[in-house]
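Taking it in order: structure first as structure tokens, then the write-up.
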Amino acid sequence: NAGVTQTPKFRILKIGQSMTLQCTQDMNHNYMYWYRQDPGMGLKLIYYSVGAGITDKGEVPNGYNVSRSTTEDFPLRLELAAPSQTSVYFCASSYSSGARGGGYTFGSGTRLTVV
Amino acid sequence: DQQVKQNSPSLSVQEGRISILNCDYTNSMFDYFLWYKKYPAEGPTFLISISSIKDKNEDGRFTVFLNKSAKHLSLHIVPSQPGDSAVYFCAAITSGAGSYQLTFGKGTKLSVIP
């Protein structure tokens, strides 16, 4: 199925551990995004990319890193996990900037718990 | 400071009746607004959008109304169906070069009762 694929779906980390959340899309979208959603809150932008080799910070980038070596893949790295990073993480992509043309396509999310 | 506010965390509506979900925004630079629908354990899916040059956009059972002077938009679902039960997010963006960040509200959980 075409779309945005995120792995893993669930993960439990211990404080101080590292992990990479994987995101890949097969729609040839230039724009990709990482959001987090905390309970009872809206989605907040962590990082985004406007094309391969180009990334930039969003609203809540601290504690995360990203890379974009190909159009398809946009992994999110947590270096030293903290309980404040317990959240549901969504990757999204879009054909154009500004969310026009039907908006973003989201993955199904990764539920991360840091204990 | 929340720039997009959905003040009703939840809403229950009888099947066949109208559902009205509300959204307020504070940033007057926002000029494009979107609604997303989210089922449990799934990512949000795009539902409908509206540009600030319009005051209404309709797509089947879904209509979005925009009142720029009041900085208010609403999503109407008529008639409501049990499959519409989900969390609905309002989102906004400022168009233009270099604009990539959608700002989301906290969401409203809609329950349509059969």
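Quick mapping for you: the protein sequence lines, in order, are chains A and B. With the numbering used here, letter number 96 in the first sequence gets 179, and the count goes up by one each step, no holes. With the numbering used here, letter number 78 in the second sequence gets 130, and the count goes up by one each step, no holes. Idealized CB from N, CA, C, for every residue including glycine.
Notebook entry, point to check: Whose CA, out of B:67, B:73, B:82, B:74, lies closest to the CA of residue 147 of chain B?
Noted result: Working through the second sequence from its first residue, we reach residue 147 of chain B at position 95. Here the closest residue by C-alpha is B:82.
Check: Is the CB-CB distance between residue 164 of chain B and residue 136 of chain B below 8 Å?
Finding: Taking the second sequence and counting its residues from 1, the one referred to as residue 164 of chain B is at position 112. Taking the second sequence and counting its residues from 1, the one referred to as residue 136 of chain B is at position 84. Contact: yes.
Note to self: Is it buried or exposed, residue 96 of chain B, if we count other Cβ atoms within 10 angstroms and call 16 or more buried?
What the structure shows: Along the second sequence, one-based indexing puts residue 96 of chain B at 44. Residue 96 of chain B comes out buried.
Next item on the list: Would you mind reading off the limits of the beta strand (DSSP E) that contains residue 64 of chain B?
Entry: Translated into the one-based positions of the second sequence, residue 64 of chain B becomes position 12. Counting along the chain, the beta strand (DSSP E) containing residue 64 of chain B begins and ends at 62-66.
Notebook entry, point to check: Checking contacts by CB at 8 Å: is residue 158 of chain B closer than that to chain A?
Noted result: Locating residue 158 of chain B in the second sequence gives position 106, counting from the first residue. Yes, contact with chain A.
Notebook entry, point to check: Any residues in the segment 83-114 of chain B with a beta carbon nearer than 8 Å to a beta carbon of chain A? Which ones, in chain order?
Noted result: 84, 86, 88, 93, 94, 95, 96, 97, 98, 101
Next item on the list: Quick one: list the residues of chain B neighbouring residue 162 of chain A, beta-carbon separation under 9 Å, in chain order.
Entry: By 1-based counting over the first sequence, the position of residue 162 of chain A is 79. Within 9 Å Cβ-Cβ: nothing; residue 162 of chain A doesn't reach chain B, min ~23 Å.
Notebook entry, point to check: Taking 8 Å as the CB-CB limit, is residue 157 of chain A close to chain B?
Noted result: By one-based count along the first sequence, residue 157 of chain A stands at place 74. So, not an interface residue.
Next item on the list: Please work out which residues of its chain come closer than 8 Å, Cβ to Cβ, to residue 70 of chain B, disregarding the five sequence neighbours upstream and downstream, and give them in chain order.
Entry: Looking up residue 70 of chain B in the second sequence gives position 18. Excluding sequence neighbours, residue 70 of chain B sits near 128, 129, 130, 131, 132.
Checklist line | Contacts around residue 98 of chain B, its chain only, beta-carbon distance under 7 Å, and the 5 residues preceding and following it disregarded | finding: On the second sequence, residue 98 of chain B is found 46 positions in, with the first residue counted as 1. Closer than 7 Å at Cβ, skipping near neighbours: 86, 88.
Checklist line | Unbroken beta strand (DSSP E) run spanning residue 197 of chain A, endpoints | finding: Residue 197 of chain A sits at position 114 when you count from the first residue of the first sequence. Note, residue 197 of chain A: beta strand (DSSP E), 193-197.
Next item on the list: With DSSP as the reference, please indicate the residues paired to residue 132 of chain B in a beta bridge.
Entry: Counting from one through the second sequence, the residue named residue 132 of chain B turns up at place 80. Looking at the DSSP assignment, residue 132 of chain B forms no beta bridge with any residue, so it has no partner.
Item checked: Cβ-based neighbour list, residue 133 of chain A, same chain, cut-off 8 Å, excluding 5 preceding and 5 following -> Numbered from its first residue, the first sequence carries residue 133 of chain A at position 50. Same-chain partners within the cutoff: 113, 114, 139, 180.
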